[in-house]
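What follows is a set of notes on a single structure, which appears directly below.
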Ligand code: VAH
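Residue numbers (the UniProt record's numbering): 3 to 311.
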């Protein structure tokens, strides 16, 4: 049985769906700080605050889980407005999850991010093991989180696993990230044939379409423990793209698509501190990471999914 925190979020909502298809509805417990009648109808659901350790622990025990997938987090752009609250949610929440996993002897997954890097990190072909001096509260939380996962693995022999996610593109909504534009641009293209980007046209970042992100989590979780050499988090990415690249891909479907720019200095500064493209060889070698969607395939499928909705 798997407990997923942040289960109503961009990744969580779709991950729960996929895990339930594989392992059965009752084997996946969705937990989120928000309530949702729809989620309650779809399967086991708990309204839960990850910073409340007792509540978190009671729920893990009541459902007798053997795995925690800890996704609950305040993302990069939002965290810059509420840094202390972000620290509390991102760090206290993570420590609670790790402590529960230690006490109950559970497998534990939590995502890191390209945000765990900063200006002093090599921007091209960013190595798996490199300098990590992030400039954002979210990035600091992710870096500390990676170190904690390593610590719990080395000190307690816990089965911790993680991935450094790039910007995730999906038909459902992200919330408060710097890479959210890569979702908004598709919705705006279909609704208005135009989008105003808050990042500059050449700001290149790693990106990934959601099916590849979900497959990566499941594949990493199912890999034999002794094959994994990195217990903090693995670099992964599907493609590197900037706003102008998205516009070009979109114009193959909507030729009149207009992209203009109104730069948000806060998010631009964050994006400028992140790498352009990660080196993913460790993930490929150790657990067979192999993304299926490039920018063209992502664009095609995004338009299909949004129209279906
Ligand atoms: C953010 N999407 O923008 C997240 C992510 C790629 C960075 O962790 O904050």
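For each residue, glycine too, the CB sits at the ideal point set by N, CA and C. Bear in mind that the values here come from a model prediction, so they are computed numbers and not experimental data.
Pick from 31, 156, 154, 290 that is closest to residue 43, judged by C-alpha positions: Locating residue 43 in the chain shown gives position 41, counting from the first residue. Among 31, 156, 154, 290, the Cα nearest to that of residue 43 is on 31.
Residue 187 versus residue 282: straight-line alpha-carbon distance, rounded: As a position in the chain shown, residue 187 is number 185, starting the count at 1. As a position in the chain shown, residue 282 is number 280, starting the count at 1. About 26 Å.
8 Å Cβ cutoff met for residue 121 and residue 195: Taking the chain shown and counting its residues from 1, the one referred to as residue 121 is at position 119. Taking the chain shown and counting its residues from 1, the one referred to as residue 195 is at position 193. No, they are not a contact pair.
Proximity below 8 Å, CB of residue 79 to CB of residue 265: On the chain shown, residue 79 is found 77 positions in, with the first residue counted as 1. On the chain shown, residue 265 is found 263 positions in, with the first residue counted as 1. No.
Residue interval of the beta strand (DSSP E) (run including residue 126): On the chain shown, residue 126 is found 124 positions in, with the first residue counted as 1. Looking at the DSSP string, the run of the beta strand (DSSP E) that includes residue 126 is 126-128.
Separation of residue 61 from residue 249, as counted between CA atoms: Reading the chain shown from its first residue, position 247 is the one you call residue 249. Reading the chain shown from its first residue, position 59 is the one you call residue 61. Approximately 45 Å between the Cα atoms of the pair.
Distance cut-off 7 Å: residue 241 Cβ against heavy atoms of ligand 1: Counting from one through the chain shown, the residue named residue 241 turns up at place 239. No, ligand 1 has no heavy atom inside 7 Å of this Cβ.
Alpha helix (DSSP H) runs wholly inside the stretch 235-272, at least 4 long, in chain order: 245-253
Expected contact under 8 Å - CB spacing of residue 17 and residue 216 to nearest Å: Within the chain shown, the letter at position 15 stands for residue 17. Within the chain shown, the letter at position 214 stands for residue 216. About 5 Å; that satisfies the 8 Å criterion.
Residue 3 versus residue 180 - alpha carbon distance: Here the question's residue 3 lines up with position 1 in the chain shown. Here the question's residue 180 lines up with position 178 in the chain shown. Straight-line Cα distance between these residues: approximately 33 Å.
Stretch-stretch touch, CB-based, cutoff 8 Å, three pairs: the stretch 231-246 with the stretch 93-111: no
Assumed close pair residue 70, residue 27 - CB separation to whole angstroms, cut-off 8 Å: Along the chain shown, one-based indexing puts residue 70 at 68. Along the chain shown, one-based indexing puts residue 27 at 25. About 18 Å separates the CB atoms of residue 70 and residue 27; that is not less than 8 Å, and the two are not in contact.
From 184, 95, 149, 138, residue whose alpha carbon lies closest to that of residue 168: To locate residue 168, count along the chain shown from 1; it is residue 166. Of the listed residues, the one whose Cα sits closest to residue 168 is 184.
Endpoints, the beta strand (DSSP E) within which residue 134 is located: Here residue 134 refers to the residue found at position 132 of the chain shown. Judged by DSSP secondary structure, residue 134 falls outside any beta strand (DSSP E); it is assigned neither H nor E.
Helix, strand or coil at residue 189 according to DSSP, with G and I counted as helix: Taking the first residue of the chain shown as position 1, residue 189 is located at position 187. Three-state DSSP puts residue 189 in a helix.
Helix, strand or coil at residue 311 [DSSP, three-state]: Within the chain shown, numbered from 1, the residue matching residue 311 stands at position 309. Reduced to three states, the DSSP call for residue 311 is coil.
heavy atom of ligand 1 below 7 Å from residue 140 C-beta: For the purposes of this step, residue 140 is taken as residue 138 along the chain shown, with counting starting at 1. Yes.
Reference residue 234; option with closest CA among 198, 261, 143: Sequence index remark: in the chain shown, residue 234 carries index 232 (1-based). Out of 198, 261, 143, 143 has the C-alpha closest to the C-alpha of residue 234.
CA nearest to the CA of residue 172, picked from 201, 134, 14, 238: If you number the chain shown from 1, residue 172 lands on position 170. Out of 201, 134, 14, 238, 14 has the C-alpha closest to the C-alpha of residue 172.
For residue 20, the three-state DSSP class (helix, strand or coil): Stepping through the chain shown from its first residue, residue 20 is reached at position 18. If DSSP states are grouped into helix, strand and coil, residue 20 belongs with the helices.
Same chain only: Cβ atoms within 7 Å of residue 225, ignoring 5 sequence neighbours per side: Your numbering for residue 225 matches position 223 in the chain shown. Excluding sequence neighbours, residue 225 sits near 289.
Spatial distance of residue 19 from residue 280 (CA atoms): For this step, residue 19 is matched to residue 17 along the chain shown. For this step, residue 280 is matched to residue 278 along the chain shown. So the alpha carbons of these two residues sit roughly 28 Å apart.
Residue 170 CB to nearest heavy atom of ligand 1 below 7 Å: Taking the first residue of the chain shown as position 1, residue 170 is located at position 168. At least one heavy atom of ligand 1 is nearer than 7 Å to the Cβ of residue 170, so yes.
DSSP three-state assignment for residue 203, whether helix, strand or coil: As a position in the chain shown, residue 203 is number 201, starting the count at 1. It is coil, neither helix nor strand.
Integer Cβ distance of residue 76 from residue 92, believed to fall under 8 Å: Translated into the one-based positions of the chain shown, residue 76 becomes position 74. Translated into the one-based positions of the chain shown, residue 92 becomes position 90. So it is a contact: roughly 6 Å between Cβ atoms.
Collapsed DSSP secondary structure at residue 48 in the structure displayed: Numbered from 1 along the chain shown, position 46 holds the residue referred to as residue 48. Residue state, collapsed to three classes: strand.
From 165, 182, 96, 160, residue whose alpha carbon lies closest to that of residue 116: Locating residue 116 in the chain shown gives position 114, counting from the first residue. Out of 165, 182, 96, 160, 165 has the C-alpha closest to the C-alpha of residue 116.
Contacting residues, own chain, Cβ-Cβ under 8 Å from residue 260 (five flanking each side not counted): Translated into positions along the chain shown, residue 260 becomes position 258. Cβ neighbours of residue 260 beyond the five flanking positions: 195, 196, 197.
Close-in-space but distant-in-sequence residues of the same chain around residue 191 (CB under 7 Å, 5 per side omitted): Taking the first residue of the chain shown as 1, we reach residue 191 at position 189. Hits under 7 Å: 197, 252, 256, 259.
Where residue 227 falls, given that 16 or more other Cβ within 10 Å makes a residue buried: In the chain shown, residue 227 corresponds to position 225, counting from 1. Classification for residue 227: exposed.
Cα-Cα separation between residue 309 and residue 156, rounded to whole angstroms: Against the chain shown, residue 309 aligns to sequence position 307. Against the chain shown, residue 156 aligns to sequence position 154. Rounded to whole angstroms, residue 309 to residue 156 spans 47 Å at the Cα level.
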